[in-house]
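Below is one structure, written out as structure tokens; comments come after it.
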Amino acid sequence: MNKFLNDIRSAENPISGNRKIINTIAILFLGIALGTFSKFLDFRQAELPSVLMAIDGALDVHNFLGRFAIWVLIALCISIYSNSATRASVNVFAFFAGMVASYYLYSNYVAGFFQRSYAMIWFGFTMISPFLAFVCWYAKGKSRPAFMLSVLILAVLFNMTFVYGWGYFEARSVLELIVFIIGLTVLRRDTLKSSVLMGTISIVLAVLLDMVIPFHFG
Numbered sequence: 015m016n017k018f019l020n021d022i023r024s025a026e027n028p029i030s031g032n033r034k035i036i037n038t039i040a041i042l043f044l045g046i047a048l049g050t051f052s053k054f055l056d057f058r059q060a061e062l063p064s065v066l067m068a069i070d071g072a073l074d075v076h077n078f079l080g081r082f083a084i085w086v087l088i089a090l091c092i093s094i095y096s097n098s099a100t101r102a103s104v105n106v107f108a109f110f111a112g113m114v115a116s117y118y119l120y121s122n123y124v125a126g127f128f129q130r131s132y133a134m135i136w137f138g139f140t141m142i143s144p145f146l147a148f149v150c151w152y153a154k155g156k157s158r159p160a161f162m163l164s165v166l167i168l169a170v171l172f173n174m175t176f177v178y179g180w181g182y183f184e185a186r187s188v189l190e191l192i193v194f195i196i197g198l199t200v201l202r203r204d205t206l207k208s209s210v211l212m213g214t215i216s217i218v219l220a221v222l223l224d225m226v227i228p229f230h231f232g
């Protein structure tokens, strides 16, 4: 199994134990900061400073942060830029643990309400995030399995960022469109031809997935 995984993508130059701890703590605090900010923006929407209110009004930032696409993109970036698949698992779990915990602690103790059913979705997602991060790390490899992983990830991201059907197609918002473009850039292949092929196949797969799983976690 190790040989198979190493053929897809091998671990990069090792880093010191202290650097690993510092990186993971920084990612944990990033999650805490973003989770707190997301809930603050949602809860204090009507009391925001004029500049933040104008930006939120124009881009609908608080609803954007309440959907999955941006968090999946951040987790993807943390994963593929980690030093190894194992480090990807640790770092992504730390991020989601910090983000989800801070979001719902703020919701419960500051905002005064707790959406249990919705929280359970995020808690469940946090628990499986190490496995997903482990797999996603291999998407930046050079082999065919890495290419197919990239296609699958982009297909899922496509269905989180766009709504479409017979006669209509649009991005959920301009911010979600940016998310997909960044995802495509992060997962790009070594050649333009391979990148275009990856993007094309991912769209076809997204449409097929939509027929089977129409719920997009949007």
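The sequence shown finishes on residue 232 if you use the working numbering, and the numbering steps up by one all the way, no holes.
For every residue, glycine included, the Cβ atom is placed at its ideal position computed from N, Cα and C.
These numbers were taken from a predicted model, which means no experiment stands behind them.
| Query | Result |
| --- | --- |
| Relative to the alpha-carbon of residue 42, which residue among 107, 94, 84, 187 has its alpha-carbon at the smallest distance? | 107 |
| Along the chain, where does the beta strand (DSSP E) containing residue 177 start, and where does it finish? | 176 to 179 |
| For residue 153 and residue 92, which I take to be in contact (beta-carbon distance under 8 Å), what is that distance rounded to the nearest angstrom? | Not quite, the Cβ-Cβ distance comes to about 13 Å (not below 8 Å), so this is no contact. |
| Report yes if the CB atom of residue 187 is closer than 7 Å to the CB atom of residue 147, and no otherwise. | no |
| Pull the bridge partners of residue 185 from the DSSP assignment, please. | 176 |
| Give me the Cα-Cα distance between residue 75 and residue 56, rounded to the nearest whole angstrom. | 9 Å |
| Starting from residue 3, trace the alpha helix (DSSP H) in both directions and tell me its first and last residue. | Any answer about residue 3 is impossible in this case: the structure gives the chain only from 15 up to 232. |
| For residue 185, tell me which candidate among 53, 78, 29, 58 has the shortest Cα-Cα distance. | 78 |
| Between 86, 116, 37, 119, which has its C-alpha nearest residue 97's C-alpha? | 37 |
| Output yes or no for whether 7 Å exceeds the beta carbon distance between residue 165 and residue 215. | yes |
| On the three-state DSSP scale, how would you describe residue 94? | helix |
| Residue 83 and residue 174 look like a contact to me (Cβ under 8 Å); what is the Cβ gap, rounded to whole Å? | 4 Å |
| Whole angstroms is fine: what's the gap from residue 168's alpha carbon to residue 35's? | 30 Å |
| Leaving aside the five residues before and after residue 223 along the sequence, list all residues of the same chain whose C-beta is less than 7 Å from its C-beta, in chain order. | 169, 173 |
| Between residue 120 and the rest of its own chain, which residues show a CB-CB distance below 6 Å, the 5 nearest in sequence each way excluded? | 50, 53 |
| Report all residues from its chain with a CB closer than 8 Å to the CB of residue 160; omit the five preceding and five following residues, and keep chain order. | 22, 23, 152, 153, 154 |
| Assuming residue 113 contacts residue 197 under a Cβ cut-off of 8 Å, what Cβ separation, rounded to an integer in Å, is found between them? | That belief does not hold up - the Cβ atoms of residue 113 and residue 197 are roughly 18 Å apart, past 8 Å. |
| Which residue from 67, 58, 110 puts its Cα closest to that of residue 40? | 110 |
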